[in-house]
Each structure stands twice: as structure tokens, then as C-alpha cells.
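Only one structure is covered here, and it is reproduced in the block below.
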Amino acid sequence: MNPLTVAGLWGAAAVGLGLYGMIVSPQPLRRILAFDLLGSGVFLLLGVVARRGAAAGFGGDPVGQALIITGVVVAFAATALTSALWLRLFQETGSATLPDAEGTGADAGAVDSR
Amino acid sequence: MTTWESFDIVLAVLVLPLAFWTIAARETFVAVVSYVAYGLLLALVWVRLGAPDVALAVAAIGSGLSGVLLLGTAARLRDVEEQAAAARPSLLLRVIAAVLSVTVAAGLAVALQFLPDPAPTLAPVAARNLAATGVGNPVTAVLMAFRAMDTLLEKVVLMLALVGVWSLAPDRVWGGRQGPRHQADPQGMLVFLARLLPPVGVVVGVYLLWVSADEPGGAFQGSTILAAMWLLAMLAGLTDTPPVSSRRLRLALIAGPAVFLLVGLGGLWLGDSFLSYPAAWAKTLIVVIEIGMLLTVGLTLALLVAGPPERSARQ
Numbered sequence: 286m287n288p289l290t291v292a293g294l295w296g297a298a299a300v301g302l303g304l305y306g307m308i309v310s311p312q313p314l315r316r317i318l319a320f321d322l323l324g325s326g327v328f329l330l331l332g333v334v335a336r337r338g339a340a341a342g343f344g345g346d347p348v349g350q351a352l353i354i355t356g357v358v359v360a361f362a363a364t365a366l367t368s369a370l371w372l373r374l375f376q377e378t379g380s381a382t383l384p385d386a387e388g389t390g391a392d393a394g395a396v397d398s399r
Numbered sequence: 016m017t018t019w020e021s022f023d024i025v026l027a028v029l030v031l032p033l034a035f036w037t038i039a040a041r042e043t044f045v046a047v048v049s050y051v052a053y054g055l056l057l058a059l060v061w062v063r064l065g066a067p068d069v070a071l072a073v074a075a076i077g078s079g080l081s082g083v084l085l086l087g088t089a090a091r092l093r094d095v096e097e098q099a100a101a102a103r104p105s106l107l108l109r110v111i112a113a114v115l116s117v118t119v120a121a122g123l124a125v126a127l128q129f130l131p132d133p134a135p136t137l138a139p140v141a142a143r144n145l146a147a148t149g150v151g152n153p154v155t156a157v158l159m160a161f162r163a164m165d166t167l168l169e170k171v172v173l174m175l176a177l178v179g180v181w182s183l184a185p186d187r188v189w190g191g192r193q194g195p196r197h198q199a200d201p202q203g204m205l206v207f208l209a210r211l212l213p214p215v216g217v218v219v220g221v222y223l224l225w226v227s228a229d230e231p232g233g234a235f236q237g238s239t240i241l242a243a244m245w246l247l248a249m250l251a252g253l254t255d256t257p258p259v260s261s262r263r264l265r266l267a268l269i270a271g272p273a274v275f276l277l278v279g280l281g282g283l284w285l286g287d288s289f290l291s292y293p294a295a296w297a298k299t300l301i302v303v304i305e306i307g308m309l310l311t312v313g314l315t316l317a318l319l320v321a322g323p324p325e326r327s328a329r330q
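This is the structure:
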């Protein structure tokens, strides 16, 4: 088992876990977290590809590595914006979950009436 | 089995449960803490993948700063935690989601076995042109010279995200200060650390930028540390966020991209194309751009964590 295999399998597992979390988590914050986990898996897969491109005395393909750094920063910006959006929505509606697809806000009602 | 092989396996065994717990934990708070620990261990994997620059970025931004942000959000949502967790989807949906996720993960794992061999790479091209940029770290050369356009646009994305966060302010505090005003025990540990650490942190942040010319480091990693120091002082109540209507703040926020754009346009004028640096000046121009970037990105990252304006400017 070389580090490439380990990191590759791990990246694939993180993508799978993140995808599952994004689908089933009722809380938006957990979905954001799951999205970040999915993103970390994608970065790892990209890192494996960059590492395989090691040549000319570099530890990996520097273009791939730079792309990952850019991606990490943009993912953080997205996390910050989405959690601010969610907090604001929470302040407005007081609902712990997102309204359902029909836009009736039934989830909020169901939760409050418990 | 060599030491490194066992290290990789131990790492994998440690990290996968953390990733799992990030999704499975009942409390969001626990999930975020797992994610932060996961991100820190992930940085070790990046070192093993021969990418120390990425390791620094993942540890600082992906784990540290995201962690602070998500912990803050989770703390505000604590009261509705149980209600929200009760709204779990049906078993059928969860089974379908699990099947789909396992399929995607397995597909990716299989696809990795069929990557082209020899792997396509731009490393030789980067190595050939490295001398023209005057920097020795190939990743910095890619970020600041070969693909400078990406970095410029990335800074614009950061600024747009901050404008988005600002615009979530309720009407009555429009243009006010971001986040709550923090108070801490003046004799407490937090205030002590907030006085002790920032001088060290500022030096480390600037050092990371400076050293990134030839060694692992970078402007983003350095600015994250500066942002963390400012946030620490804010959390300890030693300083406050500036009102978002402040002209000085806005000028500082556009300084980085403005310097970058000016240098880029100068390339159009004096050199061959947009963002081309004259070879004799390349290193100097890169350092100038990076210093502007350190200031702007540091401010932007910290203010992104601080959240939307919550108080009027006078408070």
C-alpha cells in the first residue's frame, strides 16, 4: 500500500460519505459540513493525480497543487456565504430546517407543532 | 513493512472514523469538531502526497478557519438542534442515498486504477520556465505567474462572498459592524492568549509569504494566520470589527485585487499580454502583488468568519 493508494481510497470514501450526508441531513449546517467533506475528497483525488505527475524533480505536478490551494480558498468562501445565508434564514423564519420543495414551509410547521 | 507504510495505514485508520463521525454524529457541535480533527490529519496526508503547500492551506483554511466559522454557526443553532434532528428522512430515502453514495465512491476508487500511465503532467514545462519568474517554489510560480489569472479571479470571488455576507444585514443595521461584540474575562486565558499570540502570529504569517518564493508557504496561508490573529483579538473583546460602511476598510479590501489588476494591465502595456511580467521585474512584481494580497485576503477571511452586520456602526 503506497500513500497514493491510501489517499485515493480515502478520497473516494470521503466523497461517498459527504454525498450521503448532503442527501440525508435535515439540518442545512450539516449539509454544508457534508459538502466540505465531499470537497476534501475531491481535492484528495486531484492530489493523487497531481502526485502521479511528479517529474522534473518536483514532488508533484505544481499546476494541480496550485489548483487545489485555489479550490480550498474558494470552498471556504462558499462555506462562509452559505452558513451566513442559512443563519439569516433561520433568524427570519425561526425554522430549524429548510422549507420543503413545495415551498409551503411544512417542515417548520411540523417541527413547531411538536 | 517500512515505517512510512505503517504510518500511512495508521493515518487512514485514524482518519476514516473522523470523516464518518462528521456525518453520523448526533450533535452538530461534535460533527464540526470531528471535521476539524479530520482536516488537521488530512494535512499530514498532503505532506505524504508531496504537497506541503497544500498541507499548509488545508490545515489553516480548510480546517482551522472553517472550523471557527462552523463552530460559531453551530453554537447559534444549538437550541433548535433536537427539533431539526427529529426531521430525519425516511428509511427508504436513506437506503437509496447510501446505495448511491457507495456506488459513487466505488466508481471513483475503480476509476483511480485506470488513470493513464505515464501520468500527464505539466511539471517539466513549469520547471523549464521557473527561472523566468524569479521564484524557486513551483507552486508559487503557478499561483502568481503561470496561472495568475486564476488567483486574481479567486480574490474577486472572495470579495463577492464578503459582499454577499454583508448584504445579509437586516435593514436597521445596514452598514453596521459585523458579528456580536465579544466580551471576555480580562484576567482569563483567552485574553492572555489574545495578547501573547498575535505578535508571533503576525511574524509567522509574513514569514510564510516571504519564504513561499523558494520554500513551501504562500500568501493565502500567511493571510489565514493573520486573519486568525485578528479573530482571536476580536473573540477576546480586545478589538472590534470595523463598520462595513467604513471607507478605509473598503479601500483596504480592494487594495489587493487593484494592485494585481494594475500589474496585469501594466503587462498589457509594457509586456506581451495581460498579467505578463517583464523578466527582470518578475520577482519584485510578484512580491508586490503578494503583499497586497496578504492584507486584503487576511481582512476578507476574518470578516467572512465574523458574519453579517448585526450592530449599528455606533455600538
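Order-wise, the sequence lines are chains F and X. Under our numbering, think of the first position of the first sequence as 286, with each following residue one higher. Under our numbering, think of the first position of the second sequence as 16, with each following residue one higher. We treat Cβ as the ideally placed atom computed from N, Cα and C, and that holds for glycine.
Which stretch, first to last residue, makes up the beta strand (DSSP E) that contains residue i?
i	result
E377 of chain F	No beta strand (DSSP E) contains E377 of chain F, which is instead part of the alpha helix (DSSP H) from P347 to T378.
R326 of chain X	P324 to R326
Determine the chain X residues that contact residue i at a beta-carbon separation under 7 Å, and present them in chain order.
i	result
T272 of chain F	Nothing can be reported for residue 272 of chain F: it is not among the residues displayed for chain F, which extend from 286 to 399.
R315 of chain F	T43 and A46
What did DSSP end up calling residue i once you bin it into helix, strand or coil?
i	result
P258 of chain X	strand
D397 of chain F	Residue placement at D397 of chain F cannot be trusted, given a pLDDT of 40 that sits under 50; what the coordinates show is reported in the next sentence. Of the three classes helix, strand and coil, the one that applies to D397 of chain F here is helix, per DSSP.
R143 of chain X	helix
R103 of chain X	coil
R192 of chain X	strand
A184 of chain X	coil
E169 of chain X	helix
V219 of chain X	helix
G313 of chain X	helix
Q198 of chain X	coil
V302 of chain X	helix
E96 of chain X	helix
A321 of chain X	helix
V125 of chain X	helix
P332 of chain X	Residue 332 of chain X cannot be examined here, being either before or after the span of chain X that is shown, 16 to 330.
A148 of chain X	According to the sequence as given, residue 148 of chain X is Thr; it is not Ala. Of the three classes helix, strand and coil, the one that applies to T148 of chain X here is helix, per DSSP.
R329 of chain X	coil
A340 of chain F	coil
T382 of chain F	coil
L264 of chain X	helix
G271 of chain X	helix
Can you name the start and end residues of the alpha helix (DSSP H) that residue i belongs to?
i	result
W19 of chain X	T18 to A39
Y292 of chain X	Run containing Y292 of chain X: none; DSSP gives neither H nor E here.
M307 of chain F	P288 to V309
R162 of chain X	Counting along the chain, R162 of chain X falls outside any alpha helix (DSSP H), and DSSP gives it neither H nor E.
D321 of chain F	P313 to R337
P131 of chain X	Here P131 of chain X belongs to no alpha helix (DSSP H), and DSSP marks it neither H nor E.
A58 of chain X	T43 to R63
I240 of chain X	A234 to L250
V73 of chain X	Counting along the chain, V73 of chain X falls outside any alpha helix (DSSP H), and DSSP gives it neither H nor E.
S81 of chain X	S81 to R91
Show which residues of chain F have a CB atom less than 8 Å away from the CB atom of residue i.
i	result
P32 of chain X	The premise fails here: P32 of chain X is roughly 11 Å from chain F at the closest Cβ pair, so nothing lies under 8 Å.
P135 of chain X	G338
D165 of chain X	A351, L352 and T355
R329 of chain X	Ordered by position in chain F, no residue passes the 8 Å Cβ test against R329 of chain X, which lies about 22 Å from the chain.
T358 of chain X	Outside the shown range of chain X, which is 16 to 330, sits residue 358 of chain X, and nothing can be said about it.
L158 of chain X	A351, I354 and T355
A100 of chain X	P311 and Q312
For a contact meaning CB atoms closer than 7 Å, what does residue i contact in chain F?
i	result
A267 of chain X	By Cβ distance, chain F contributes nothing, its closest Cβ being about 18 Å from A267 of chain X, past 7 Å.
R109 of chain X	V309
S81 of chain X	D321, F361 and T364
L290 of chain X	Residues of chain F passing the Cβ test: none, with the nearest at roughly 15 Å.
A138 of chain X	G338, A339, A340, A341, F343, D346 and P347
A52 of chain X	Chain F residues near A52 of chain X: none, gap ~13 Å exceeds 7 Å.
R326 of chain X	The premise fails here: R326 of chain X is roughly 14 Å from chain F at the closest Cβ pair, so nothing lies under 7 Å.
S227 of chain X	Here the premise fails: no neighbours, minimum Cβ distance about 11 Å.
Name, please, each residue of chain X whose Cβ falls closer than 8 Å to the Cβ of residue i.
i	result
F320 of chain F	Those within 8 Å of F320 of chain F in chain X number zero; the least Cβ separation is about 11 Å.
In chain B, which residues lie with their C-beta within 7 Å of the C-beta of residue i?
i	result
A27 of chain X	Judged by its chain identifiers, the structure shown contains no chain B, and its protein chains are F and X.
Which residues in chain F have a C-beta closer than 9 Å to the C-beta of residue i? List them in chain order.
i	result
D23 of chain X	M286, N287, P288, T290, V291 and A292
S261 of chain X	What S261 of chain X touches in chain F: nothing, since even the nearest Cβ is about 19 Å away.
A141 of chain X	A341, F343, D346, P347 and V348
- [ ] Below 7 Å between beta carbons is the criterion; list the residues of the region 167-200 of chain X that meet it against any residue of chain F, in chain order.
- [x] So the close ones are E169, V172, L173, A176, G179, V180 and L183.
- [ ] Assess, as a yes-or-no matter, whether the region 232-241 of chain X is touched by the region 56-71 of chain X under the definition of 3 or more beta carbon pairs within less than 8 Å.
- [x] Between the region 56-71 of chain X and the region 232-241 of chain X there are three or more inter-stretch CB-CB distances shorter than 8 Å, so the stretches are counted as touching.
TODO: Identify each residue in the region 83-97 of chain X for which the Cβ-Cβ distance to at least one residue of chain F is less than 8 Å, and report them in chain order.
DONE: The residues in question are L84, L85, T88, A89, R91, L92, V95 and E96.
Task: Cβ contact check for the region 309-323 of chain X and the region 252-270 of chain X: 3 or more pairs under 8 Å - done: With a cut-off of 8 Å, the region 252-270 of chain X and the region 309-323 of chain X count as touching, because enough Cβ pairs lie within range.
Open item on the list: Counting only Cβ-Cβ distances shorter than 7 Å, please list the residues of the region 57-81 of chain X near chain F, keeping chain order.
Closed with: Against chain F - using a Cβ distance shorter than 7 Å - the residues of the region 57-81 of chain X are L57, V60, W61, R63, L64, G65, A66, D68, V69, A72, V73, I76, G77, L80 and S81.
TODO: Kindly confirm or deny that the region 130-140 of chain X and the region 320-329 of chain F touch, where touching means at least three C-beta pairs closer than 8 Å.
DONE: Not touching, per the Cβ criterion.
Open item on the list: Does the contact criterion of 3 or more C-beta pairs under 8 Å hold for the region 320-329 of chain X versus the region 364-374 of chain F?
Closed with: Result yes; three or more Cβ-Cβ pairs closer than 8 Å.
Open item on the list: Contact between the region 30-49 of chain X and the region 199-214 of chain X is defined here as three or more beta-carbon pairs at a separation below 8 Å; is this criterion met?
Closed with: Contact between the region 30-49 of chain X and the region 199-214 of chain X is not established, with fewer than three Cβ pairs separated by less than 8 Å.
Task: Segment contact flag, the region 272-284 of chain X with the region 241-259 of chain X, C-beta cutoff 8 Å, min 3 pairs - done: The count of Cβ pairs closer than 8 Å, one atom from the region 272-284 of chain X and one from the region 241-259 of chain X, stays below three, leaving the stretches out of contact.
Task: Near-chain F residues of the region 120-135 of chain X - C-beta to any C-beta below 7 Å - done: Taking 7 Å as the Cβ-Cβ cut-off against chain F, the residues of the region 120-135 of chain X that qualify are A120, L123, A124, L127, L130, A134 and P135.
Open item on the list: Taking contact to mean 3 or more Cβ pairs, one atom from each stretch, closer than 8 Å, check whether the region 150-162 of chain X and the region 346-355 of chain F are in contact.
Closed with: Result yes; three or more Cβ-Cβ pairs closer than 8 Å.
Task: Any 3 or more C-beta pairs closer than 8 Å across the region 293-302 of chain X and the region 182-202 of chain X - done: Between the region 293-302 of chain X and the region 182-202 of chain X there are fewer than three C-beta pairs closer than 8 Å, too few to call the two in contact.
Task: Near-chain F residues of the region 308-327 of chain X - C-beta to any C-beta below 7 Å - done: Listed by position, the residues of the region 308-327 of chain X near chain F (Cβ gap below 7 Å) are L319, V320, G322 and P323.
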